[in-house]
Amino acid sequence: MIRRTLFLNNSRCVCLFLSLVLSLLSLSSVTGLDNGLGLVPPMGWNSWNAFHCNIDESKIKSAAEIMISSLQQHGYKYLNLDDCWMSPNRTTTSGGEYQEDPNRFPSGMASLASYLHSNDLKFGLYTSAGTKTCQGLPGSLGYEQIDARTFASWGVDYLKYDNCYNTPKIPGIDRYTTMRNALNATGRPIFYSLCQWGGDNSWEWASGVGNMYRTTGDISPTWNSIRNNFWQSYRHINRAGKGQWLDPDMLEVGNGNLTFEESRSHFALWCFVKAPLLLGMDLLTLTEESRTIITNTNLIGINQDPAIPPATCFAQQCSKDDDWSVFVTSSSSSTFYVLIVNWKNLILELEVLIGQYFGINPMPNEVVQITNLYTNQIVGKYDFDAFKRIPIPTLQPHDSLAYQMKLVPKEEEEEGRVATL
Ligand code: GAL
Numbered sequence: 082m083i084r085r086t087l088f089l090n091n092s093r094c095v096c097l098f099l100s101l102v103l104s105l106l107s108l109s110s111v112t113g114l115d116n117g118l119g120l121v122p123p124m125g126w127n128s129w130n131a132f133h134c135n136i137d138e139s140k141i142k143s144a145a146e147i148m149i150s151s152l153q154q155h156g157y158k159y160l161n162l163d164d165c166w167m168s169p170n171r172t173t174t175s176g177g178e179y180q181e182d183p184n185r186f187p188s189g190m191a192s193l194a195s196y197l198h199s200n201d202l203k204f205g206l207y208t209s210a211g212t213k214t215c216q217g218l219p220g221s222l223g224y225e226q227i228d229a230r231t232f233a234s235w236g237v238d239y240l241k242y243d244n245c246y247n248t249p250k251i252p253g254i255d256r257y258t259t260m261r262n263a264l265n266a267t268g269r270p271i272f273y274s275l276c277q278w279g280g281d282n283s284w285e286w287a288s289g290v291g292n293m294y295r296t297t298g299d300i301s302p303t304w305n306s307i308r309n310n311f312w313q314s315y316r317h318i319n320r321a322g323k324g325q326w327l328d329p330d331m332l333e334v335g336n337g338n339l340t341f342e343e344s345r346s347h348f349a350l351w352c353f354v355k356a357p358l359l360l361g362m363d364l365l366t367l368t369e370e371s372r373t374i375i376t377n378t379n380l381i382g383i384n385q386d387p388a389i390p391p392a393t394c395f396a397q398q399c400s401k402d403d404d405w406s407v408f409v410t411s412s413s414s415s416t417f418y419v420l421i422v423n424w425k426n427l428i429l430e431l432e433v434l435i436g437q438y439f440g441i442n443p444m445p446n447e448v449v450q451i452t453n454l455y456t457n458q459i460v461g462k463y464d465f466d467a468f469k470r471i472p473i474p475t476l477q478p479h480d481s482l483a484y485q486m487k488l489v490p491k492e493e494e495e496e497g498r499v500a501t502l
């Protein structure tokens, strides 16, 4: 068990309040690629984390059926094929177009797209801004216009554009801009996701090029990887916004040996900083536990509400080596969302009074209503005195707590009380 005592003074509280108000004001000024897409982070499922190259029509159809029956209603709409959907050979008779792998996808991409569209899902494909994809299949470098036209003719709605086999070495900004222009020229709105692993200082140029850009290397289903990717991406949080989302990579909930606590913290972190919610598990073996995590409407609501800016880390605990962190965002000057994460593999008992932390100062006729976003239960309503005395609860290894804190009018019968969350 680790114990930490943190003393905060009033000026820091005021700072928090001001910085939240400022980030709300700045929401309207953050603009990215203007193709009408990516107004909120994308939600969907991608084949890579669960299957890698081992994909085929029947697996993808099974995943689609589960999306249609139980995930679409929560906002998951993109079904994205990652590497290995394509044939090793482009056509020789016409312009050298892509062809689907005839063994894995005998019915072809246009047919898959039309099946997905008829069920109100959207269709995503992958390729690379190099001569080959990362699995050694044909890439799009030099074929951008032809491939963009092929994708549009198949009904593609989303392109993940990787960074392997960049030979000869051409700067990322040039390769990714060429494909952006080719996609735009098709006239079909295609969400454009840059997968250049944070290379070439992409945060300096990628926002006008793609709707979203990778800020990290590949994620894997371990807490270390989740934590590393999160912090690496978080360095650029001030650049995240409409049409220019940061991508710390896809979700690993349901993969590897992640614990329940790790999985829910992973999902909550991605929701709070408005990262893409791209599921990566085998949907056929989705457990009830994972389903509960990925369908949490409170957290998805934070991720998808255009009025809520990406959460920012508060006070001193904001680096990869810290034991714990607090992230805060808000939808108005009276509604705050708070995520407290225990990064360590130890039970964490903090001597921190949460109410002194946030600079939320209820008026005499108001109380702070606190809702646990994991359980969707109102924990209590507290007047200022009671609010100031609430301690942060004990946190299990790698676990987290997510709350909404909302100022509401005080009702006659409500008296403040010393409370726990
Ligand atoms: C990596 C990429 C992964 C996956 C893989 C496919 O470069 O980061 O997300 O797409 O290639 O080969």
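For the sequence shown, my numbering begins at 82 and goes up steadily by one. Don't be surprised by glycine CBs; every beta carbon is placed ideally from N, CA and C.
First through last residue of the beta strand (DSSP E) which encompasses residue i
i: residue 190; result: It is not in any beta strand (DSSP E) - residue 190 instead sits in the alpha helix (DSSP H) that spans 190-199.
i: residue 425; result: Per DSSP, residue 425 belongs to no beta strand (DSSP E) and is neither H nor E.
i: residue 328; result: 326-328
i: residue 243; result: 239-243
i: residue 218; result: Taken as a continuous stretch (DSSP letters only), residue 218 belongs to no beta strand (DSSP E), as it is neither H nor E.
i: residue 373; result: Not the beta strand (DSSP E): residue 373 falls in the alpha helix (DSSP H), residues 369-375.
i: residue 449; result: 447-453
i: residue 359; result: 358-360
Coarse secondary structure for residue i, derived from DSSP in three states
i: residue 204; result: strand
i: residue 269; result: coil
i: residue 251; result: coil
i: residue 414; result: coil
i: residue 103; result: Only weak support exists for where residue 103 lies, its pLDDT of 47 falling under 50; the value from the coordinates is given anyway. The answer is helix: DSSP assigns residue 103 an H, G or I state.
i: residue 295; result: strand
i: residue 303; result: coil
i: residue 483; result: strand
i: residue 153; result: helix
i: residue 159; result: strand
i: residue 309; result: helix
i: residue 274; result: strand
i: residue 463; result: strand
i: residue 441; result: coil
i: residue 264; result: helix
i: residue 170; result: coil
i: residue 332; result: coil
i: residue 283; result: helix
i: residue 492; result: coil
i: residue 471; result: coil
i: residue 186; result: coil
i: residue 393; result: strand
i: residue 118; result: coil
i: residue 109; result: Annotation note: pLDDT 42 at residue 109 (below 50); position unreliable, coordinate value reported separately. In this structure, residue 109 counts as helix in the three-state DSSP scheme.
i: residue 289; result: helix
i: residue 209; result: strand
i: residue 400; result: coil
Status (buried if at least 16 other CB within 10 Å, exposed otherwise) for residue i
i: residue 402; result: exposed
i: residue 319; result: exposed
i: residue 325; result: buried
i: residue 133; result: exposed
i: residue 316; result: exposed
i: residue 374; result: buried
i: residue 274; result: buried
i: residue 344; result: buried
i: residue 428; result: exposed
i: residue 466; result: exposed
i: residue 443; result: buried
i: residue 210; result: buried
i: residue 266; result: exposed
i: residue 217; result: exposed
i: residue 198; result: exposed
i: residue 150; result: exposed
i: residue 106; result: Only weak support exists for where residue 106 lies, its pLDDT of 45 falling under 50; the coordinates are left without a value.
i: residue 249; result: exposed
i: residue 346; result: buried
Start and end residues, alpha helix (DSSP H) containing residue i
i: residue 382; result: 378-385
i: residue 226; result: 225-235
i: residue 127; result: Run containing residue 127: none in the alpha helix (DSSP H); it sits in the beta strand (DSSP E), 124-127.
i: residue 146; result: 138-147
i: residue 342; result: 341-353
Quick one: any contact between the segment 225-241 and the segment 185-195, if contact means 3 or more CB pairs under 8 Å? Result yes; three or more Cβ-Cβ pairs closer than 8 Å.
Specify which residues have a beta carbon nearer than 5 Å to any heavy atom of ligand 1, listing them in chain order. The filter returns 129, 163, 164, 215, 216, 243 and 299, in chain order.
Does the segment 361-371 come into contact with the segment 137-147, if we say contact requires no fewer than three beta-carbon pairs (one atom in each stretch) closer than 8 Å? Between the segment 361-371 and the segment 137-147 there are three or more inter-stretch CB-CB distances shorter than 8 Å, so the stretches are counted as touching.
Any contact between the segment 434-451 and the segment 459-474? By contact I mean 3 or more CB pairs, one from each, below 8 Å. Touching, yes.
Would you check if the segment 408-416 and the segment 469-476 touch, i.e. whether three or more CB-CB distances between them fall below 8 Å? The segment 469-476, when compared against the segment 408-416, does not touch it at the 8 Å Cβ threshold.
Would you be able to state if there are at least three C-beta pairs under 8 Å between the segment 372-391 and the segment 176-185? These segments do not touch.
Given 8 Å as the limit, is there contact between the segment 165-174 and the segment 115-122, that is, 3 or more CB pairs closer than that? No contact exists between the segment 165-174 and the segment 115-122.
Evaluate contact between the segment 287-297 and the segment 251-263, counting only Cβ atoms and requiring at least three cross-stretch pairs below 8 Å. Result yes; three or more Cβ-Cβ pairs closer than 8 Å.
Is there contact here, the segment 219-230 with the segment 191-200, by at least three beta-carbon pairs under 8 Å? Cβ pair count under 8 Å is below three, so no.
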